[in-house]
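Down below is the structure, laid out as structure tokens.
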Amino acid sequence: MTDGGPPPRFVADHMLGSLARWLRMMGYDTVYDKALDDPGISKLARAENRFILTRDKELGKEPGSLLIEKDDLESQLRATAQRYGLRFDENRIRCSACNGDLVDLPKEEAKGKVPDGALAANQKFWRCSRCGKLYWKGTHWNGIMDRLRKLSLV
Ligand SMILES: [Zn+2]
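For the sequence shown, the working numbering assigns the number 773 to the initial residue and increments by one for each residue that follows.
Written as structure tokens, this is what we have:
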């Protein structure tokens, strides 16, 4: 769903680490920092125009925030996607570990840094600009895509 505006950005509370990782993989800038307390989350949300995703009723009252009521990841993803109109975008995938931007890594540079099987089977590799983690479309990727497809988020 695109309305021409920039994609929404999020800050997830300390209960929502899995949701944060999945939103990053879908292409959404999502801060998840266990060091942030509730006032810290509110402050960051205002300063950076982020929507708050939270399991906390009080934080859930902040403008634009979403109170996540369910425990399971798929329900959480579905609720978040419906509320903000989210869809997977391969061109915007972010690092699931740190929320950094992924940059293209030429295949010749991936050599020796990824397993030989992955190198042989793929043409496209990415590197996190922040933490350096490498990504490619392997078995793990297919599992992620299957799950997103099941939720109609692809
Ligand atoms: Zn990273």
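Beta carbons: idealized from backbone N, C-alpha and C, even for Gly.
- Message: For ligand 1, I want to know if Arg931 counts as a neighbour, meaning its beta carbon is within less than 7 Å of at least one of the ligand's heavy atoms.
- Response: The question about residue 931 has no answer here: the residues shown for the chain are numbered 773 through 926.
- Item | Beta-carbon proximity of Arg796 to Asn821, cut-off 8 Å | No.
- Message: According to DSSP, Val803 sits in a beta bridge with which residue or residues?
- Response: For Val803, DSSP records a beta bridge to Val783.
- Rounded straight-line distance, which links the Cα of Lys815 to that of Glu880: 43 Å
- Could you give the uninterrupted runs of the beta strand (DSSP E) lying entirely in the segment 877 to 903, keeping only those of 3 residues or more? 897 to 900
- Reducing DSSP to helix, strand and coil, say where Leu825 ends up. strand
- Consider the C-beta atom of Ala869 and the heavy atoms of ligand 1; say whether any pair is separated by less than 7 Å. yes
- Query: Does DSSP classify Arg866 as helix, strand or coil?
  - Reply: For Arg866, the secondary structure class from DSSP, reduced to helix, strand or coil, is strand.
- ligand 1 heavy atom lying under 7 Å from the CB of Arg793: Not under cutoff, so the answer is no.
- How many Å lie between Ala882 and Arg793 at the Cα? 24 Å
- Message: Could you tell me the alpha carbon to alpha carbon distance between Val960 and Leu825, rounded to whole angstroms?
- Response: There is simply no residue 960 to check, as the chain begins at 773 and stops at 926 in what is shown.
- For Leu858, which of Ser901, His912, Met798 has the nearest alpha-carbon? Nearest to Leu858 by alpha-carbon distance, out of Ser901, His912, Met798, is Met798.
- Task: Can you grab the Cα-Cα spacing for the pair Thr802 / Lys833, in whole Å?
- Result: 19 Å
- Task: Using the Cα positions of Leu788 and Cys870, report the straight-line distance between them to the nearest angstrom.
- Result: 14 Å
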